[in-house]
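See below for the structure under consideration.
There are 2 protein chains.
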Amino acid sequence: MKFRIDHRDLGSAARAGELNTDHGVIQTPVFMPVGTVGSVKGISQNELKEQIGAKIILGNSYHLYLRPGTEILNRAGGLHKFMSWNLPILTDSGGYQVFSLSNNRKITEKGYAFRSHIDGSKHIFTPESVVDIQRIIGSNIIMALDECTPYPCEYEYAKNSMELTHRWLERGIIHFEASRPIYGHSQSFFPIVQGSVYTDLRKQSAEMISSFNQEGNAIGGLSVGEPEEQMYEMCEVVTQILPQDKPRYLMGVGTPANILESIALGVDMFDCVMPTRNGRNGMLFTSNGIINIKNEKWKDDFSPIDETETSGVGKQYSKAYLRHLINAKEMLGAQIASIHNLSFYMWLMNEARDKIANNTFADWKNKMLPKLKTRL
Amino acid sequence: MKFRIDHRDLGSAARAGELNTDHGVIQTPVFMPVGTVGSVKGISQNELKEQIGAKIILGNSYHLYLRPGTEILNRAGGLHKFMSWNLPILTDSGGYQVFSLSNNRKITEKGYAFRSHIDGSKHIFTPESVVDIQRIIGSNIIMALDECTPYPCEYEYAKNSMELTHRWLERGIIHFEASRPIYGHSQSFFPIVQGSVYTDLRKQSAEMISSFNQEGNAIGGLSVGEPEEQMYEMCEVVTQILPQDKPRYLMGVGTPANILESIALGVDMFDCVMPTRNGRNGMLFTSNGIINIKNEKWKDDFSPIDETETSGVGKQYSKAYLRHLINAKEMLGAQIASIHNLSFYMWLMNEARDKIANNTFADWKNKMLPKLKTRL
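Structure follows, in structure tokens:
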């Protein structure tokens with residue numbers, strides 16, 4: 002994998018670059034739609050590629066490990082082939098889902114012991130096994146196993162947890178380097194900075210993971226309930242330490258505003274379920290603000306969902322029609338809203354990239370932020 | 002609306018024709034995907050047009066009347082505009098849904114009194130009001146209000162019900178002729194033959210509705226639980242009486258085999274929820290037979306859903322992937338299965354049309370029937 006920075010914004014730490022993988026080129030900053038269990042909910046692979054313009058998607062190792070399972074994925078020739086998706090895929094390590102989905106889990110030096118949220122069966126994730134799982138999935142970018150600390154989190158817990166994440170990282174890298182890709186294309190390994198909301202821990206973690214000199218680095222444990230300002234503060238501490246010439250991935254973030262602020266701090270990669278999950282519930286992101294399409298006021302608004310060119314479906318269907326579909330619980334409502342929101346996120350990233358190239362990013366961001374937060 | 006018969010099969014009563022509406026030309030025999038409440042479940046308008054090749058869809062007046070309601074539809078400029086669908090639409094009269102969905106209904110000489118299955122509110126459908134509703138919807142083909150008798154049905158009940166349907170028909174036609182289209186395009190009115198499984202009643206009804214000389218005629222009250230042979234028998238009795246130069250629409254039918262048998266009896270138009278509803282439950286129609294994709298045997302079958310050219314998605318995605326999606330209750334599973342099944346129905350109609358033109362329909366049908374019924 003190769004990463005090249007094409008432009009640096011003069012008014013902020015924002016960068017525009019290009020990430021080159023064996024499955025294609027990704028221009029950064031980039032948003033990765035979340036394809037939890039081998040599908041971005043409600044959206045076909047064609048729509049993802051052609052209508053939305055996604056260049057990379059994210060898969061969740063926890064979900065894929067449980068269903069369809071590594072045996073099927075291996076026999077399919079990896080996730081790309083299994084789901085008919087020939088562009089890049091990044092997978093998380095599964096740790097976050099163990100934490101959030103399994104109500105029967107234990108964390109030890111060895112790794113996670115947990116029960117499946119589907120059938121209660123017992124499983125173990127170790128720093129080594131999640132590399133094996135992601136080798137079988139065949140993702141272009143493999144994430145290290147970490148513990149994502151909750152918020153709020155005592156300093157002592159955060160410190161011990163970070164140190165455990167670091168020890169896991171060492172084991173993960175050793176295992177990653179001792180193993181090989183299965184399907185012929187190369188795979189990169191991203192470590193994850195932890196340290197909760199404590200500046201000294203975040204610094205220590207960023208320095209530690211930078212020292213491994215991997216092809217990219219991630220920031221985890223943010224957007225878990227802490228105030229936004231604290232998230233940006235931690236993000237800034239970390240991006241000042243992480244290598245300039247490697248992509249930085251802020252995991253699980255966030256709202257359009259969160260993303261623009263984080264781009265300004267030097268983050269290159271993002272993922273979040275928000276555009277699809279909130280879309281399914283009738284929340285639409287537009288360049289003029291947020292629409293709750295269930296609201297009575299849209300019932301006879303026959304204007305397009307979004308007048309701007311941010312998405313094809315936004316121009317094709319009216320607010321009144323989408324409101325009707327969402328209220329009648331028609332699948333197409335969730336589909337249209339998801340396609341629109343993801344298209345909007347893609348549009349936002351393309352705009353950001355253009356503004357970085359023109360050195361107008363900081364101004365544009367400050368003009369966009371109040372609009373993005375407006376409730377229409 | 003103009004109807005022209007291009008070919009008549011020498012070995013059966015099958016016909017291939019062309020129905021010309023203000024929203025486009027429909028080649029017959031035709032299958033109409035069911036867009037219950039302003040959307041064919043799980044399928045976008047683009048997919049319907051471009052991937053599936055649908056030339057006309059069906060809307061349910063009962064559902065549309067309750068949601069979004071006639072006021073919204075009227076202000077939208079009709080259903081075509083409301084849902085961004087510029088090809089023909091046929092709507093049923095709502096009688097069947099009152100019968101099947103409302104558990105609080107009463108049938109009188111005047112019409113149906115019923116309570117909404119959504120909020121329990123009280124409503125009345127009369128032969129006149131359902132014409133008004135369909136004028137507002139703006140469907141290209143308007144259906145008469147009828148009573149769809151259940152199966153089994155006593156002769157006396159069937160006779161009285163048929164006579165009521167005939168009286169309603171007279172009122173409906175008077176009202177239809179006294180009213181005008183709202184949106185500039187012309188609308189046709191189809192009466193419906195009833196008479197349950199009684200040959201004399203079916204004959205009487207077919208003669209009665211033929212006498213009104215409308216632009217097309219429908220056969221209702223079949224495929225409601227009676228043995229298939231009885232359905233074909235009634236269908237044959239009726240098609241021998243209905244005008245040759247008008248399209249015949251067999252309502253709510255059916256399996257691929259039902260459709261081929263009915264085409265052989267001279268039916269031109271069909272609709273059914275089966276391809277979408279069964280698709281959502283993992284049942285796939287293919288040219289080699291029926292697949293229950295939930296079956297364990299498909300879990301590591303990485304071959305395409307359907308090797309033939311009947312659908313794009315059938316070639317794009319594997320059986321193992323679709324099984325995974327359906328089992329994981331991912332929306333995309335329902336979407337792929339629905340697109341595939343509808344595409345298969347369209348393929349079957351196109352094939353039937355070609356075979357009629359070549360005078361090989363009867364042979365082809367007899368060769369297809371055992372395949373269509375095979376469980377793979």
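Line by line, the protein sequences give chains Y and R. With positions in the first sequence counted from 1, the corresponding number in my numbering is that position plus 1. With positions in the second sequence counted from 1, the corresponding number in my numbering is that position plus 1. For every residue, glycine included, the Cβ atom is placed at its ideal position computed from N, Cα and C.
Separation of Glu297 of chain R from His118 of chain Y, as counted between CA atoms: About 21 Å.
3 or more residues per run - each beta strand (DSSP E) lying fully within the region 190-229 of chain R: If only uninterrupted beta strand (DSSP E) runs of at least 3 residues are considered, those enclosed by the region 190-229 of chain R are 218-220.
With distances taken between CB atoms, is the gap from Leu59 of chain Y to Val35 of chain Y smaller than 9 Å? With a cutoff of 9 Å on beta-carbon distance, Leu59 of chain Y and Val35 of chain Y are scored as near each other.
I need the boundaries of the alpha helix (DSSP H) containing Leu373 of chain Y, first residue and last residue. Per DSSP, the unbroken alpha helix (DSSP H) holding Leu373 of chain Y starts and ends at Phe362 to Lys374.
Pick out whichever of Y:Leu377, Y:Gly313 and Y:Met163 has its Cα sitting closest to the Cα of Glu51 of chain Y. Nearest to Glu51 of chain Y by C-alpha distance, out of Y:Leu377, Y:Gly313 and Y:Met163, is Y:Gly313.
Lys300 of chain Y touches chain R at which residues, Cβ-Cβ below 7 Å? Under the 7 Å cutoff, chain R gives Ile73.
Where Lys42 of chain Y meets chain R, residues with beta-carbon distance less than 9 Å: What Lys42 of chain Y touches in chain R: Glu331, Met332 and Leu333.
Would you kindly work out how many angstroms separate the C-alpha atoms of Glu129 of chain R and Asp302 of chain R, rounded to a whole number? Whole-angstrom Cα-Cα distance: 54 Å.
Since Thr256 of chain Y contacts Gln195 of chain Y with CB under 8 Å, what's their CB separation in whole angstroms? Actually they do not touch by this definition, with Cβ atoms about 22 Å apart.
Below 9 Å between beta carbons: does that hold for Ser288 of chain Y and Lys372 of chain Y? Between Ser288 of chain Y and Lys372 of chain Y, the C-beta gap is smaller than 9 Å, which places the two residues in contact.
How many angstroms separate the CA atom of Ile27 of chain R from the CA atom of Ile337 of chain Y? Annotation: Ile27 of chain R to Ile337 of chain Y spans about 28 Å, alpha carbon to alpha carbon.
Going by DSSP, name the residue or residues bridged to Gln28 of chain Y. Gln28 of chain Y is bridged by DSSP to Y:Glu19.
Given 8 Å, three or more beta-carbon pairs between the region 316-327 of chain R and the region 256-275 of chain R: No contact exists between the region 316-327 of chain R and the region 256-275 of chain R.
On the criterion of 16 or more Cβ atoms from any shown chain inside 10 Å, does Asp201 of chain Y qualify as buried, or is it exposed? Exposed is the call here.
C-alpha distance - Ala55 of chain R paired with Ser45 of chain R, whole-angstrom precision: Each residue's Cα considered, the two are about 12 Å apart.
Give a yes or no on whether 9 Å exceeds the smallest Cβ distance from Gly326 of chain R to chain Y. It is Leu, not Gly, that sits at residue 326 of chain R in the sequence shown. So yes, Leu326 of chain R belongs to the interface.
Examine chain Y for any beta-carbon lying closer than 9 Å to the beta-carbon of Gly79 of chain R, and answer yes or no. No, its Cβ sits nowhere closer than 9 Å to a Cβ of chain Y.
Specify whether the region 159-168 of chain R and the region 181-190 of chain R touch according to this definition: at least 3 beta carbon pairs, one from each stretch, less than 8 Å apart. Per the Cβ contact rule, the region 159-168 of chain R is not in contact with the region 181-190 of chain R (fewer than 3 Cβ pairs under 8 Å).
Where the region 14-40 of chain R meets chain Y: residues whose CB sits under 7 Å from a CB there: Going along the region 14-40 of chain R in chain order, one finds Val38, Gly39 and Ser40 with a Cβ nearer than 7 Å to chain Y.
Does the count of Cβ pairs from the region 203-220 of chain R and the region 247-262 of chain R closer than 8 Å reach three? Yes, the region 203-220 of chain R touches the region 247-262 of chain R.
Along the region 158-180 of chain Y, what residues have a CB closer than 7 Å to any CB found in chain R? Under the 7 Å Cβ criterion, the region 158-180 of chain Y contributes no residue.
In or out: Leu11 of chain Y buried (at least 16 other Cβ within 10 Å) or exposed? Result: exposed.
For a test of the three-state rule: what should DSSP assign to Ser319 of chain Y, helix, strand or coil? Here Ser319 of chain Y sits in strand by DSSP.
Look at the Cβ atom of Leu261 of chain R, then the Cβ atom of Ala353 of chain R, and state whether they are nearer than 9 Å. The answer is yes: Cβ separation under 9 Å.
With 8 Å as the limit, tell me which residues of the region 217-251 of chain R have their beta carbon closer than that to any beta carbon of chain Y; keep them in chain order. Shown here is that no member of the region 217-251 of chain R has a Cβ falling below 8 Å from a Cβ of chain Y.
Measure the CB-CB distance between Phe126 of chain R and Leu146 of chain R and report whether it falls below 9 Å. Yes.
In the structure shown, what three-state DSSP assignment does Met270 of chain R receive? Three-state result, Met270 of chain R: strand.
For Arg181 of chain Y and Ile175 of chain Y, what's the separation of their Cα atoms in angstroms? In this structure, the CA atom of Arg181 of chain Y is about 12 Å from the CA atom of Ile175 of chain Y.
Measuring CB atoms only, is the region 232-245 of chain Y touching the region 207-214 of chain Y, in the sense that at least three cross pairs come out at less than 8 Å? Three or more Cβ pairs closer than 8 Å define a contact, and the region 232-245 of chain Y meets that threshold against the region 207-214 of chain Y.
As assigned by DSSP and simplified to three states, the class of Met144 of chain Y: The answer is strand: DSSP assigns Met144 of chain Y an E or B state.
Can you tell me which of R:Gly43, R:Phe83, R:Leu370 and R:Leu67 puts its alpha carbon nearest to the alpha carbon of Lys123 of chain R? With distances taken between CA atoms, Lys123 of chain R lies nearest to R:Leu67 out of R:Gly43, R:Phe83, R:Leu370 and R:Leu67.
Residues of its chain near His8 of chain Y, where Cβ-Cβ distance is below 6 Å and the 5 sequence neighbours each way are ignored: Cβ neighbours of His8 of chain Y beyond the five flanking positions: Ala17, Ile357 and Ala358.
Spell out whether any CB of chain Y is found under 9 Å from the CB atom of Tyr318 of chain R. Yes, Tyr318 of chain R counts as interfacial toward chain Y.
Name, in chain order, the residues that DSSP records as bridge partners for Thr287 of chain R. For Thr287 of chain R, which the question treats as bridged, DSSP gives the partners R:Gly290.
Taking a cut of 8 Å between CB atoms, which residues from the region 272-290 of chain R lie near chain Y? Within the region 272-290 of chain R, no residue qualifies.
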